[in-house]
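Asks:
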Amino acid sequence: MPVAAIVDNYRGERLDALANFHGNQILYLGWDHHLMFCSPVALPVPPDMPFGKVIGELMPGAFSLHPEFGQIDWSGVVWHLNGEPFTPDMDKGLAEQGIDHKSIVRFATPGLDGIGGSGS
Amino acid sequence: MSKVYIALQDNEESHYIVEAIEEDNPDATVIYQPAMIRIENEGFLAIKRETVEEKMGRDWEVQALHVNLITLGGNVDEDDDQLTLTWNQ
Amino acid sequence: MTARKLNLKDKYRLLTRDLEWEYSYRDYEEIFKQESFEGIKITDWSKWEDPFRLTMDAYWKYQAEKEKKLYAIFDAFAQNNGQQNVADARYVNAIKLFLTGVSPLEYQAYNGFAHVGRQFGGVGARVACQMQSLDELRHVQTQIHAMSHYNKHFDGFQDFSHMHDRVWYLSVPKSFFDDARSAGPFEFMVAIGFSFEYVLTNLLFVPFMSGAAYNGDMATVTFGFSAQSDEARHMTLGLEIIKFMLEQHEDNVPIVQRWINKWLWRGYRVLTLVAMMMDYMLPNKVMSWQESFEVYFEEAASALFKDLARYGIKMPDYAATAIAEKEHLSHQAWSIFYNYGHAAAFHTWLPTEEEMDWLSEKYPNTFDKYYRPRYEQWRRMEEAGERYYNPTLPMLCQTCQIPMGFTDMDDPTLVSYRQSEYDGDRYNFCSDGCKDIFDFEPEKYVQSWLPVHQIYQGHCGGAEMEDVLGGYYRINLGTDNLDYKGSPDEARWNDWHGLETAEEKLKKAS
Numbered sequence: 001m002p003v004a005a006i007v008d009n010y011r012g013e014r015l016d017a018l019a020n021f022h023g024n025q026i027l028y029l030g031w032d033h034h035l036m037f038c039s040p041v042a043l044p045v046p047p048d049m050p051f052g053k054v055i056g057e058l059m060p061g062a063f064s065l066h067p068e069f070g071q072i073d074w075s076g077v078v079w080h081l082n083g084e085p086f087t088p089d090m091d092k093g094l095a096e097q098g099i100d101h102k103s104i105v106r107f108a109t110p111g112l113d114g115i116g117g118s119g120s
Numbered sequence: 001m002s003k004v005y006i007a008l009q010d011n012e013e014s015h016y017i018v019e020a021i022e023e024d025n026p027d028a029t030v031i032y033q034p035a036m037i038r039i040e041n042e043g044f045l046a047i048k049r050e051t052v053e054e055k056m057g058r059d060w061e062v063q064a065l066h067v068n069l070i071t072l073g074g075n076v077d078e079d080d081d082q083l084t085l086t087w088n089q
Numbered sequence: 001m002t003a004r005k006l007n008l009k010d011k012y013r014l015l016t017r018d019l020e021w022e023y024s025y026r027d028y029e030e031i032f033k034q035e036s037f038e039g040i041k042i043t044d045w046s047k048w049e050d051p052f053r054l055t056m057d058a059y060w061k062y063q064a065e066k067e068k069k070l071y072a073i074f075d076a077f078a079q080n081n082g083q084q085n086v087a088d089a090r091y092v093n094a095i096k097l098f099l100t101g102v103s104p105l106e107y108q109a110y111n112g113f114a115h116v117g118r119q120f121g122g123v124g125a126r127v128a129c130q131m132q133s134l135d136e137l138r139h140v141q142t143q144i145h146a147m148s149h150y151n152k153h154f155d156g157f158q159d160f161s162h163m164h165d166r167v168w169y170l171s172v173p174k175s176f177f178d179d180a181r182s183a184g185p186f187e188f189m190v191a192i193g194f195s196f197e198y199v200l201t202n203l204l205f206v207p208f209m210s211g212a213a214y215n216g217d218m219a220t221v222t223f224g225f226s227a228q229s230d231e232a233r234h235m236t237l238g239l240e241i242i243k244f245m246l247e248q249h250e251d252n253v254p255i256v257q258r259w260i261n262k263w264l265w266r267g268y269r270v271l272t273l274v275a276m277m278m279d280y281m282l283p284n285k286v287m288s289w290q291e292s293f294e295v296y297f298e299e300a301a302s303a304l305f306k307d308l309a310r311y312g313i314k315m316p317d318y319a320a321t322a323i324a325e326k327e328h329l330s331h332q333a334w335s336i337f338y339n340y341g342h343a344a345a346f347h348t349w350l351p352t353e354e355e356m357d358w359l360s361e362k363y364p365n366t367f368d369k370y371y372r373p374r375y376e377q378w379r380r381m382e383e384a385g386e387r388y389y390n391p392t393l394p395m396l397c398q399t400c401q402i403p404m405g406f407t408d409m410d411d412p413t414l415v416s417y418r419q420s421e422y423d424g425d426r427y428n429f430c431s432d433g434c435k436d437i438f439d440f441e442p443e444k445y446v447q448s449w450l451p452v453h454q455i456y457q458g459h460c461g462g463a464e465m466e467d468v469l470g471g472y473y474r475i476n477l478g479t480d481n482l483d484y485k486g487s488p489d490e491a492r493w494n495d496w497h498g499l500e501t502a503e504e505k506l507k508k509a510s
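Residue numbers (UniProt numbering), protein chains in the order written: chain G, 1 to 120; chain F, 1 to 89; chain U, 1 to 510.
So this is what it looks like as structure tokens:
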């Protein structure tokens, strides 16, 4: 039963359908153990945006206020896509490497564990 | 046994009600917090009209409890003579 | 019959049950169209009993008494410039959150009970819903009235109902009620009678209001306690309807259990706001969120579920998560609002050193380990003239709509992520509770109006943050939002108290 409703076969409007974002898709980015950013962030991005731009442009915009941001060794970062281990291809577009609408890209930076190692 | 509880606004009228509750429920615990009085007891608590009237020195209807009530916990049963709170387990 | 006074039971029978009539020219199903679609089976409405046996005449009498007491205190508060006597102007921000986030829910409850009161075949339940509907209208009116006094002296109160329908964090309480009101009548009763009254208002209107009193806010504590005295009746009604459904038919048990699971979690998530109001927004401390939670949630819920065990009802699994989160919830909530203080219609601030020490003492397992370092970093940034604000919009949970700030209780430094795929799309959640609610009724929650996504779709006034916050939300930028430090509220407060000092000096001089 997809919903209890007074009419049969009730179907709800998909408010966040990809088509509603004017050519963009929603990408969620979360930096593990850095909860000074209280939650992962949400960004509208073109589906063909190369992953390199995520690191080069989106990450600094979202996370550079953290004192550890400048120390990140991007070659040692551990990535997860929607909960699964993942190795991004810097040159390929997001959609092309399976990062679809409302996907979560999480990254951990071993050795950098937040303010004083507190996870913040 | 779980605790039933009732909380009343901390005011003149409630003081008489609390006195009556203490008399009728000798095991109850009375806790004073800012602006409120919380009374809790294992399993059962009764607020009896007769005792409250005796403390106040005038007629009092059980339903007038609502004027000073803040909250309560437990199964409620109310009639002309008393309001009781109970947990069955 | 002699002219003696009727006793309570007879009066209840005559003034409630006796109002019912036989339906002679229409079918029952046609009159009460919404009574059966949720799968709840009622075989005998006459078994319904209102434990308070409240009749309309007594209702008017005692409600009028409550109102008289209440308005006497509002008048006294206003006449004595009560706004100057609260513990600290920071406190007033909790009241702004109350007016924008909670009072409109009272209005929703009024509408909701007026609606479901029409849907039940039993006259006892209909009369109880009618009274509750009136109660809720009284609550919204008295709350607006009490807080209108603050509107004369502080920022952020002016557009509460407009904001309630639009502002990102207010979508949390708003969507809670939208969810309840778009459910069937029996689910609504569990949602509001059980979750909202039993779980939510008991924490908001009892320990928080006691705290308001301790912080000098006589107007708020009075409307709070006055409302809660009605809520005590509502909680009893909520519990009564749960027991009634369980006793009517065994097929009702799994349905009721699922609603209890769902609404306990929904209500608990809304309490996130109350957690931070308790721990961070009351300058004079009475009890911590954790302490209140233990008394009004854990103790109360365990008593309730023990009592319901004889019907085969169990404590929801999610309760264990809620209990584990009690040492984290308020800190995570305040972090969210500190991050997005530029986008809120009230002020945020860093706890003082003394307040942090109190938090360490109350949260010995978590505060110093996880949260104090964060505040110290933010303080370093503030001292450097760069008060931290998060520059990017947050990811929200599809169900509760709260930014994904809750963490995994096995590792509290990791965000708790849950995901479902439905009809070709991904949906994201903060918890098992929120995910399960979606998974059971996805066609309902695909419609969630998530404020962040709505901004990105261009439905909130424009592409620039000023368009959204100033234009669409109607936050007076630079006045209602940002840190308490440097706000016009702070300047006024200091001015009042400076003036008092000057007067005292004059007195002494003369």
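For every residue, glycine included, the Cβ atom is placed at its ideal position computed from N, Cα and C. Every value quoted in this text rests on a predicted model; they were computed, and no experiment measured them.
With three or more beta-carbon pairs closer than 8 Å as the criterion, would you say the stretch 108-115 of chain G touches the stretch 29-36 of chain F?
Replies: Because the criterion of three Cβ pairs below 8 Å is not met, the stretch 108-115 of chain G and the stretch 29-36 of chain F do not touch.
Asks: Go through the stretch 31-69 of chain G residue by residue and report every complete run of the beta strand (DSSP E) that reaches 3 residues or more, in order.
Replies: The stretch 31-69 of chain G contains these whole beta strand (DSSP E) runs: 41-45.
Asks: By the three-class DSSP mapping on this structure, what secondary structure does F/LEU7 have?
Replies: According to the sequence displayed, residue 7 of chain F carries Ala and not Leu. It is a strand residue.
Asks: Using 8 Å as the Cβ pair cut-off and three pairs as the minimum, do the stretch 252-266 of chain U and the stretch 295-314 of chain U touch?
Replies: Cβ pair count under 8 Å is three or more, so yes.
Asks: Expressed to the nearest angstrom, what Euclidean distance is found between the alpha-carbon atoms of U/THR413 and U/VAL468?
Replies: Whole-angstrom Cα-Cα distance: 32 Å.
Asks: Does the beta-carbon of residue 93 of chain F have 16 or more other beta-carbons within 10 angstroms, so that it is buried, or is it exposed?
Replies: In this structure chain F extends from 1 to 89, so residue 93 of chain F is not present and cannot be described.
Asks: What residues from the stretch 80-114 of chain G come within 8 Å of chain U, judged by C-beta to C-beta, listed N to C?
Replies: Result list: ASN82, GLY83, ASP100, HIS101, LYS102, SER103, ILE104, ARG106, ASP113 and GLY114.
Asks: Please list the partners that F/ASP80 has in chain U, where partner means a Cβ-to-Cβ separation under 7 Å.
Replies: By Cβ distance, chain U contributes ASN7 and LEU8.
Asks: What residues in its chain sit with their C-beta under 7 Å from that of G/GLY23, if we drop five residues either side in the sequence?
Replies: These residues qualify, in order along the chain: PRO46.
Asks: Can you tell me whether F/VAL18 is buried or exposed, with buried defined as 16 or more other CB within 10 angstroms of its CB?
Replies: Its Cβ being crowded by 16 or more others within 10 Å, F/VAL18 is buried.
Asks: Which residue from U/SER229, U/GLY267, U/ASN80 and U/GLY156 puts its Cα closest to that of U/THR348?
Replies: Closest by alpha carbon: U/GLY156.
Asks: Taking 8 Å as the threshold (beta carbon to beta carbon), is F/MET56 in contact with chain U?
Replies: With 8 Å as the cut-off, F/MET56 does not count as an interface residue toward chain U.
Asks: Can you tell me the Cα-Cα spacing of residue 124 of chain G and U/ARG372, whole angstroms?
Replies: This structure cannot speak to residue 124 of chain G, because chain G is shown only from 1 to 120.
Asks: Mark U/HIS162 as exposed unless 16 or more other C-beta atoms lie within 10 angstroms of its C-beta, in which case mark it buried.
Replies: When all chains shown are included, U/HIS162 counts as exposed.
Asks: Exposed or buried, which one is F/ASN41 when buried takes at least 16 other CB atoms within 10 Å?
Replies: Buried: at least 16 other Cβ atoms inside 10 Å.
Asks: Mind pulling the chain G residues with CB within less than 8 Å of U/GLU38?
Replies: Ordered by position in chain G, the residues that pass the 8 Å Cβ test against U/GLU38 are ALA4.
Asks: When we look at the beta-carbon of U/GLU250 and count the other beta-carbons within 10 Å, is it buried (16 or more) or exposed?
Replies: When all chains shown are included, U/GLU250 counts as exposed.
Asks: Roughly how far, in whole angstroms, is the beta-carbon of U/ALA94 from the beta-carbon of U/LEU282, given that I think they are within contact range, below 8 Å?
Replies: U/ALA94 to U/LEU282, Cβ: 7 Å. Contact.
Asks: Relative to the C-alpha of G/MET90, which candidate in G/GLY61, G/PHE51 and G/GLU68 has its C-alpha closest?
Replies: With distances taken between Cα atoms, G/MET90 lies closest to G/PHE51.
Asks: With 8 Å set as the bound, which would you pick, yes or no: does the beta-carbon of U/HIS453 sit closer than that to a beta-carbon of chain G?
Replies: U/HIS453 counts as touching chain G.
Asks: Roughly how many angstroms lie between the CA atoms of U/LYS68 and U/SER175, to the nearest whole one?
Replies: C-alpha separation (whole angstroms): 34 Å.
Asks: Is any beta-carbon of chain U found at less than 8 Å from that of F/PRO34?
Replies: Closer than 8 Å to some Cβ of chain U, the Cβ of F/PRO34 qualifies, so yes.
Asks: Is the stretch 277-297 of chain U close to the stretch 60-69 of chain F, with three or more CB pairs under 8 Å?
Replies: Result no; under three Cβ-Cβ pairs closer than 8 Å.
Asks: Quick one: any contact between the stretch 191-208 of chain U and the stretch 54-63 of chain U, if contact means 3 or more CB pairs under 8 Å?
Replies: Taking 8 Å as the limit for Cβ pairs, the verdict is that the stretch 54-63 of chain U does not touch the stretch 191-208 of chain U.
Asks: So, is the C-beta of F/LEU45 closer than 8 Å to a C-beta in chain U?
Replies: By this cut-off, F/LEU45 is not an interface position.
Asks: Checking contacts by CB at 8 Å: is G/ASP16 closer than that to chain U?
Replies: So, interface residue.
Asks: Using only the alpha-carbon positions, how far apart do G/ASN20 and U/GLU240 sit?
Replies: C-alpha separation (whole angstroms): 45 Å.
Asks: Who are the neighbours of U/LEU393 on chain G, taking C-beta pairs under 7 Å?
Replies: Within chain G, the residues near U/LEU393 are VAL41 and ALA42.
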